[in-house]
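Visitor:
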Amino acid sequence: MQPICQARRLVCVLGALLLADASAATLDSARAGAGEYIVETSREAIVAKARKEGRVRVAASSSPETIHPLAKAFREKYPFIDVRAAEITREDSQARALQLKAGSRLEEDVVHAPPDLYRDYLPYLKKFDLLTMVEQRLLEIPTKMIDAVNRNVVAMESSMQVAAFNKCLLDPAKVPSTWEDFLKPELKGRKFLVDIRPNLQTVMAAGAGEEWMVSYAKRIAAQQPIWVRGQTRTITQIAAGEYTLHSGAYYQGVVRVMRKDATGCLQAKVIEPVPVRVDGPHAVLETARHPYAGLLWLEFMASPQGQAIIDEFEPVSASVFAPGSVLEKITRGKKVWIRDLTVIDKTSRWMKMAIEAFGFPREESAKGK
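Each step along the sequence shown adds one to the number in this note's numbering, with nothing skipped, and position 183 is 264.
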C-alpha cells in the first residue's frame, strides 16, 4: 500500500511527481534464458541456492502489522533463511532510487518500486524471468501479478476505490450508482469530497482513456466539491458525521474505519466500472547479496498464504489477481478499470493531467456536510 504524503498542500502532491525517469542502464548478461534474462533449471536449484545464501533483506510496502506475520510464516516455511523485512516509506524509496543512480549498493535484496518511481528502479533490478519460470512450474505466482513487459516485477497488492458515505446522514438510495452520477446538479456545491491526489483519475485514464479522464476531472471540478487530502482522516470524519460522501475512497481505508465504527453509519458502495490499482510492485535488486532467497520471498508473498495474510492485516489489499482474495471476489463478473504494471509508469503523467484539469485546487480546512 502506498504511503500517504504528510503535507497538506498541493505543492506536496506535485513535489512527489518530480523525480525524473531513469536513463537506460546496461545490466549484466544472464547465465541462461532468453537474451539477458535469467531462467533457472529447476525449483530444486532455486531452493538450494537460497539455502546457501541463508538470509534475505526486504524493503516492503506493507505495514509493520502485516510484515510481522508475513516474515513469521516465511520463516516457518523456510527455516534455513533468516528474513529481515521492514516497511519502506515513499520518501525512503525515493532516497534509495537516488542512491542507485549514484552507484551505491543497497543493503536490501528485495525492494518496493512505487508507481511514480517505477521507471527509476527498473534499470537496477535483477533480470529474473519470472514469467518463464512460472510457465515452467519452477515458481508458483499468478501470471497476471507479474509485469508482462519487464518480466521481473511482481505486484503483491491491489487497491479499489469506492463511494464512501454516512448512511445516517445520506439515504443510501441517493448515493451515486455511476461515476457520472457525481455530475448531477443536485450534487453541486460542496456535496461530496474529492482527494487532490488524483489516484482515482489515473485508473480512469488507464480504463477509459486520457481524453475521457481529463474531461471528467474538469466536470468534477465544476461541481465545486470539497477538496481534501488523505484517506484515513477524511473517512474517519465521514464516519463521525462531519462529511456525508466521498467520491473515491480507498476500500481498504473504509474497511479499516468500519471495523472501529460503533455507530455502523459508515458504508461503502462499489461503482462500476470498478477502479482497481495494482500496487506493491516488488523485485530483487541486481546487486542483491541473496537473490535466490529474495526470489522465494517474492513467491511467498504472491502465494495463497501470503495473500491471505495481506488481506487480513493490511486489510483487504491482496492482489485482485490472487484467486479468492477479497478484491478478486468483489470484482468477479464486474466491469473493471485497472491500472496494472504495463501502464504503471504513466501514473505521474496522468496525475499531472488530472491536477491541471481540476484547476490546481488546494486542500480545504473548512468542514462541510
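C-beta: ideal position from N, C-alpha, C; glycine also.
1. Rounded C-beta distance between residue 120 and residue 210? I'm assuming under 8 Å.
2. With 16 as the cutoff for other CB atoms within 10 Å, does residue 406 come out buried or exposed?
3. Could you check whether residue 312 and residue 434 sit closer than 9 Å to each other, using their CB atoms as the reference points?
4. I want to see whether chain C comes within less than 9 Å of residue 210, judged by CB atoms only; does it?
5. Taking the beta carbon of residue 429 as the centre, do at least 16 other beta carbons fall within 10 Å, making it buried, or is it exposed?
6. Under 8 Å, with one C-beta from each stretch per pair, do the segment 316 to 328 and the segment 375 to 390 reach the 3-pair mark?
7. Apart from the five residues on each side of it in sequence, which residues of its chain come closer than 7 Å, Cβ to Cβ, to residue 335?
8. By a C-beta neighbour count over all protein chains shown, 10 Å radius and 16 as the cutoff for buried, is residue 195 buried or exposed?
9. Name the residue from 179, 214 and 198 whose alpha carbon lies nearest to the alpha carbon of residue 125.
10. Can you have a look at residue 183 and say buried or exposed, based on whether 16 or more other CB atoms are within 10 angstroms of its CB?
11. In the DSSP output, what is residue 348 paired with across the bridge?
12. Residues in the same chain with beta-carbon distance under 8 Å from residue 144, minus the five sequence neighbours each way, listed in chain order, please.
13. Could you tell me the distance, in whole angstroms, from the CA atom of residue 416 to the CA atom of residue 288?
14. Would you kindly report the start and end of the unbroken beta strand (DSSP E) that includes residue 361?
15. Under the three-state reduction of DSSP, which class applies to residue 219: helix, strand or coil?
16. Could you give the first and the last residue of the continuous alpha helix (DSSP H) run that contains residue 202?
17. If you draw a straight line from the alpha carbon of residue 371 to that of residue 186, how long is it in whole angstroms?
18. DSSP on residue 451, reduced to helix/strand/coil?
19. I need the DSSP call for residue 162, collapsed to helix, strand or coil.
20. For a quick check, are the C-beta atoms of residue 375 and residue 369 less than 9 Å apart?
21. Is the closest heavy atom of the ligand ZN to the C-beta of residue 305 under 8 Å?
22. Are the Cβ atoms of residue 364 and residue 344 separated by less than 9 Å?
23. Less than 9 Å separating the beta-carbons of residue 439 and residue 302?
24. Please report how far the alpha carbon of residue 92 lies from the alpha carbon of residue 445, in whole angstroms.
25. Using only the alpha-carbon positions, how far apart do residue 151 and residue 227 sit?
26. For residue 231, which residues of its own chain have a beta-carbon under 7 Å away from its beta-carbon, when the five flanking residues on both sides are left out?
Guide: If we stick to the structure as given:
1. In the sequence shown, the residue the question calls residue 120 occupies position 39. In the sequence shown, the residue the question calls residue 210 occupies position 129. Indeed they touch by this definition, with Cβ atoms about 5 Å apart.
2. For this step, residue 406 is matched to residue 325 along the sequence shown. Burial call: buried.
3. Against the sequence shown, residue 434 aligns to sequence position 353. Against the sequence shown, residue 312 aligns to sequence position 231. Contact: no.
4. The displayed structure is made up of one protein chain only, and chain C is not part of it.
5. The count along the sequence shown starts at 1 and reaches residue 429 at position 348. Buried, by the Cβ-count rule.
6. Output reads no: the segment 375 to 390 does not touch the segment 316 to 328.
7. Here residue 335 is taken as the residue at index 254 of the sequence shown, counted from 1. The residues are 243, 245, 316, 347 and 349.
8. For this step, residue 195 is matched to residue 114 along the sequence shown. Label assigned to residue 195: buried.
9. By one-based count along the sequence shown, residue 125 stands at place 44. The option with the nearest alpha carbon to residue 125 is 214.
10. Sequence index remark: in the sequence shown, residue 183 carries index 102 (1-based). When all chains shown are included, residue 183 counts as exposed.
11. Here the question's residue 348 lines up with position 267 in the sequence shown. Answer is 246, bridged to residue 348.
12. The residue given as residue 144 occupies position 63 in the sequence shown. Hits under 8 Å: 82, 168, 394 and 395.
13. Taking the sequence shown and counting its residues from 1, one reaches residue 416 at position 335. Taking the sequence shown and counting its residues from 1, one reaches residue 288 at position 207. Inter-residue distance for residue 416 and residue 288 is about 10 Å (C-alpha atoms, whole angstroms).
14. Counted from its first residue, the sequence shown places residue 361 at position 280. That run of the beta strand (DSSP E) goes 355 to 365.
15. Residue mapping note: residue 219 aligns to position 138 of the sequence shown, counting from 1. The answer is coil: DSSP assigns residue 219 none of H, G, I, E or B.
16. Translated into positions along the sequence shown, residue 202 becomes position 121. First-last of the alpha helix (DSSP H) with residue 202: 199 to 202.
17. Residue 371 sits at position 290 when you count from the first residue of the sequence shown. Residue 186 sits at position 105 when you count from the first residue of the sequence shown. Answer to the nearest angstrom: the Cα atoms are 13 Å apart.
18. No information on residue 451 is available, as it lies outside the stretch 82 to 450 that the chain covers here.
19. The residue given as residue 162 occupies position 81 in the sequence shown. Coil.
20. On the sequence shown, residue 375 is found 294 positions in, with the first residue counted as 1. On the sequence shown, residue 369 is found 288 positions in, with the first residue counted as 1. Contact: yes.
21. The model depicted lacks the ligand ZN and carries no ligand whatsoever.
22. On the sequence shown, position 283 is the one that residue 364 refers to. On the sequence shown, position 263 is the one that residue 344 refers to. Cβ atoms of residue 364 and residue 344: not closer than 9 Å.
23. By 1-based counting over the sequence shown, the position of residue 439 is 358. By 1-based counting over the sequence shown, the position of residue 302 is 221. Closer than 9 Å, so yes.
24. Sequence index remark: in the sequence shown, residue 92 carries index 11 (1-based). Sequence index remark: in the sequence shown, residue 445 carries index 364 (1-based). For residue 92, the pLDDT reaches just 38, beneath the cut-off of 50, and the residue's location in the model is therefore unreliable, although a value from the coordinates is still provided. Those two C-alpha atoms are separated by around 14 Å.
25. The sequence position of residue 151 within the sequence shown is 70, counting from 1. The sequence position of residue 227 within the sequence shown is 146, counting from 1. The alpha-carbon atoms of residue 151 and residue 227 are separated by roughly 20 Å.
26. As a first step, residue 231 must be located in the sequence shown, where it is residue number 150. Closer than 7 Å at Cβ, skipping near neighbours: 203.
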